[in-house]
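Residue numbers (the working numbering), protein chains in the order written: chain A, 683 to 934; chain B, 34 to 391.
Next comes the structure, spelled out in structure tokens:
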């Protein structure tokens, strides 16, 4: 039996890795980074949204918000556990950063990350009231769904399985946002929701990352990426614009 | 972080010439921590000439067997497997972390499912655990095993599989595919490739249309071929479970080159960083962390938490000395091998060489 295939070839041909013991060093680093981005974004997202619970206009909205906070925290825990398999101190990790901390609404940081954590850039911006939170959740929720479909294919099987389990939960969060928006629109909209869309749209679009082909190529060879950032973002733009249209709102 | 526990070896039995089944008893009240799920593995550690080696071996016992057993096949030049095959005896102590791994599906006694397992050589160990547990705990389900080996003499657990076939009459099918020994049916000779799988499906030896979940454990090319054939036959990623067996584990880790002691009072260090096969040399202040030094010079070094807890920025010091301020992620044996967290480390010597590729 030809048992001399290198891990590199194996991965390039779609092979799966299954435990920290068979993960090469550079793969390990990229995998850890990918997991940290997810965990930090979920923890920061949940912490930011927690402040919104009491602003929900009714019981139903407050339950939905509380559920989203709980489940995003749980999703972070699912992936953090896998980081723990690689040696990360999971208890310390969950507390090493004030996840609710935010920059100024007007800060313009592009796609850069904060000094201390790996959350996606948009989770550094504060939410401004319930309507703004619903719009952000709708747009980002849909983006996360598309991103998780991509990352559910990663070559590290335990992580792929975690993402596949997380996907329906996050998809439901996007649906809840859509239901929330429908209720907000019943009284005639005064343009504030469109202002929120205008604010969040470019920031969510940026969360798909730059079109860095060399880096993408190396991640693709490791089986950590499949579709390009541009492809995923284009799909999101079309689908999100479509959803907004149903509410009389427009994407950029 | 998982920690190591002591286990006593209660039995060592040869299954074939170059593989042993080791029975273990957790000590010091650790029995609960070793309550495994079928298909999981144990990670052992042992000192060889002053250097700690860690090796993972799959549990081959079923959950209802009442014992903890792993199968260890000798790997050419493999320090741990050779030692286990030649020297390990009842009464010896081993150290292992509690069972890990997700190579299983949740069982449900009321369900009638059909499972398909592929094992190559010693890849049988977790698959044996899965099929024994499944047949015992899901009485309406059935299991087909395709088991690849070089020849008859290298088939681990051959008799045990025969006994299981008799015990679970009609619910367990075993197809032995042998690389070198001719069999009555041509299809069962050769390697288990994508083509071979397609033929097994087409000829009805395997009822692929009714398979709920497939398990594959073996060397890389075999896993790729089988996974390709299963996807071709309509299974999705959620239905295919992999366990890559440890061919990637190196036999014996290389000794680290002795560090050069050239401590000095000057505040600059010449810092050589290897990343993705390329080495860059920069001059930086000794007050700057290795990670910041790299990032400030447009070297895309990996990192995440910057707080010494996640270990994303792990790298290996090949020359010179560094001081690591905090470390909540690397274990002692990694530090002994020269691994440091770049976000927490500062150069002490005038030259430092680190490698992110090791």
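The C-beta atom is built at its ideal place from N, Cα and C for all residues, glycine as well.
Inset, instruction - Specify the secondary structure class of residue 87 (chain B) as computed by DSSP and reduced to three states. - result: Three-state DSSP puts residue 87 (chain B) in a strand.
Legend entry - Three or more C-beta pairs below 8 Å linking the region 741-761 of chain A and the region 701-710 of chain A: Too few Cβ pairs lie closer than 8 Å, so no.
Inset, instruction - Would you kindly work out how many angstroms separate the C-alpha atoms of residue 921 (chain A) and residue 277 (chain B), rounded to a whole number? - result: 38 Å
Inset, instruction - Name, please, each residue of chain A whose Cβ falls closer than 8 Å to the Cβ of residue 342 (chain B). - result: 770, 771, 774, 775 and 778
Inset, instruction - For residue 121 (chain B), go through chain A and note every residue whose CB falls closer than 9 Å to its CB, in chain order. - result: Residues of chain A with a Cβ closer than 9 Å to the Cβ of residue 121 (chain B) do not exist; the shortest Cβ-Cβ separation is about 20 Å.
Inset, instruction - Quick one: using the 10 Å Cβ neighbour count with 16 as the cut-off for buried, is residue 203 (chain B) buried or exposed? - result: exposed
Legend entry - 7 Å Cβ cutoff met for residue 346 (chain B) and residue 374 (chain B): yes
Inset, instruction - Note the first and the last residue of the continuous alpha helix (DSSP H) segment covering residue 165 (chain B). - result: 157-170
Inset, instruction - Give a yes or no on whether 7 Å exceeds the smallest Cβ distance from residue 107 (chain B) to chain A. - result: no
Inset, instruction - Flag this pair as touching only if the region 737-745 of chain A and the region 304-319 of chain B have three or more C-beta atom pairs under 8 Å; answer yes or no. - result: no
Legend entry - Euclidean distance between Cα positions of residue 775 (chain A) and residue 933 (chain A): 36 Å
Legend entry - Beta-carbon contacts of residue 274 (chain B) that lie in its chain and below 6 Å, excluding the five residues immediately before and after: 136 and 248
Inset, instruction - Please work out which residues of its chain come closer than 6 Å, Cβ to Cβ, to residue 879 (chain A), disregarding the five sequence neighbours upstream and downstream, and give them in chain order. - result: 817 and 931
Legend entry - Under 8 Å from the C-beta of residue 714 (chain A): neighbouring residues of chain B: 335, 337, 343, 344 and 345
Inset, instruction - Examine chain B for any beta-carbon lying closer than 7 Å to the beta-carbon of residue 687 (chain A), and answer yes or no. - result: It does; some Cβ of chain B falls within 7 Å.
Legend entry - Three-state secondary structure (DSSP) of residue 318 (chain B): strand
Inset, instruction - Taking only runs that begin and end inside the region 37-64 of chain B, name each unbroken beta strand (DSSP E) of 3 or more residues, in chain order. - result: 38-49 and 52-59
Inset, instruction - Report yes if the C-beta distance between residue 187 (chain B) and residue 93 (chain B) is below 7 Å; otherwise report no. - result: no
Inset, instruction - Under 7 Å Cβ to Cβ from residue 727 (chain A), same chain only, skipping five residues before and after it: list those, please. - result: 754 and 805
Inset, instruction - Verify whether the separation of the beta carbon atoms of residue 173 (chain B) and residue 141 (chain B) is less than 7 Å. - result: no
Legend entry - Residue nearest to residue 355 (chain B) in terms of C-alpha spacing, selected from B:334, B:383, B:333 and B:343: B:383
Inset, instruction - Report yes if the C-beta distance between residue 825 (chain A) and residue 761 (chain A) is below 7 Å; otherwise report no. - result: no
Legend entry - Candidates A:747, A:796 and A:722, of which the one nearest residue 812 (chain A) by Cα: A:747
Legend entry - Same chain only: Cβ atoms within 6 Å of residue 185 (chain B), ignoring 5 sequence neighbours per side: 214
Legend entry - Inter-residue Cα distance where the pair is residue 759 (chain A) and residue 780 (chain A): 16 Å
Inset, instruction - Please check if any C-beta of chain B sits within less than 7 Å of the C-beta of residue 806 (chain A). - result: No, no contact with chain B.
Inset, instruction - Pick helix, strand or coil for residue 886 (chain A), following the three-state DSSP scheme. - result: helix
Inset, instruction - Report the three-state DSSP secondary structure of residue 288 (chain B) (helix, strand or coil). - result: At residue 288 (chain B) the pLDDT is 33, less than 50, meaning the model places this residue with poor confidence; the figure from the coordinates comes in the next sentence. DSSP places residue 288 (chain B) in coil when its eight states are reduced to three.
Inset, instruction - State the DSSP-derived secondary structure class of residue 749 (chain A), mapped to helix, strand or coil. - result: helix
Legend entry - Limits of the beta strand (DSSP E) - the one that residue 250 (chain B) falls within: 246-251
Inset, instruction - Pick helix, strand or coil for residue 388 (chain B), following the three-state DSSP scheme. - result: strand
Inset, instruction - Could you work out which residues of chain A lie near residue 309 (chain B), taking near to mean beta carbons separated by less than 9 Å? - result: 708 and 900
Legend entry - chain B within 7 Å of residue 827 (chain A), Cβ atoms only: It does not: the Cβ of residue 827 (chain A) has no partner Cβ on chain B nearer than 7 Å.
Inset, instruction - Please say whether residue 104 (chain B) and residue 158 (chain B) have beta carbons closer to each other than 7 Å? - result: Result yes, Cβ atoms of residue 158 (chain B) and residue 104 (chain B) sit closer than 7 Å.
Legend entry - Contact with chain B by residue 933 (chain A), beta-carbon distance below 7 Å: Interface flag for residue 933 (chain A) against chain B is unset, since no Cβ pair is found closer than 7 Å.
Inset, instruction - Tell me, please, whether the CB atom of residue 365 (chain B) is closer than 7 Å to any CB atom in chain A? - result: no
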